[in-house]
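Counting in this note's numbering, the sequence shown tops out at residue 180, every number present. Comments concern the structure below.
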Amino acid sequence: MRYNNTRRRIGAGAAGLAIAAGTGIVIAMSPTAQATVDTITLSGSDFQVGSTYTATADLSGASVGLLVYWSDNGTSLTSVGKVPWPPGHASLDWTPTTPGQHILTVSQGSSSKSVVLNVGGGTTTPPPTTPPTTPPTTPPTTPPATTPPTTSPSSGSGSSSSGSGTGSAGKLLGGLFGSS
């Protein structure tokens, strides 16, 4: 019995060694099936802030099913990734928002490629300005120099405290009553 157990152990060990060796050989001899970003091209050449350009990447290798990610100076332009369509190609509309050097990078799987671009400030037309509104200045108006008609007092105006009949009403009444 002891003889059978030893044979079984040796047989199982040899089979395990053969499987491990066969797996290693298959893996070592298989071609690498990685995704590769081959080139990046952009439409246009005089890049300006606010203008939109199309960035295109050519891909090779096992690109089916692997998402493509774009970034500008390390800031993601495709947060969820894009499916390369048609297979082997990926594109993105890119609008730079700041002037200066930009590093546009495309990544797929473990492969990535970058292109360095210089973006100009662009020709931004300032919005039309309107002069501040000021109320119209109206010169001060002075009323015409006319004097209202007045009557000059008669010689016999009465005093304010006596109540005597020496004013014009007093003369009228005095004439009626016969006093002067």
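From the three backbone atoms N, C-alpha and C, an ideal C-beta is built for every residue, glycine too. Fair warning: this is a prediction, and the values are worked out from it, not measured in the lab.
Secondary structure at residue 141: coil, using DSSP grouped into helix, strand and coil.
Per DSSP, residue 46 lies in no beta strand (DSSP E) and is assigned neither H nor E.
Residue 89 is positioned such that its CB atom lies closer than 8 Å to that of residue 58.
By DSSP's assignment, residue 120 forms a beta bridge with 48. Residue 145 sits exposed, since fewer than 16 C-beta atoms from the chains shown fall within 10 Å of its C-beta. Between the C-alpha atoms of residue 66 and residue 81 there is a straight-line separation of about 9 Å.
In the three-state DSSP reduction, residue 97 falls in the coil class, being neither helix nor strand. Assignment of residue 78 by DSSP, reduced to helix, strand and coil, places it in the coil class. With a 10 Å radius around the Cβ and a threshold of 16 neighbouring Cβ atoms, residue 140 comes out exposed.
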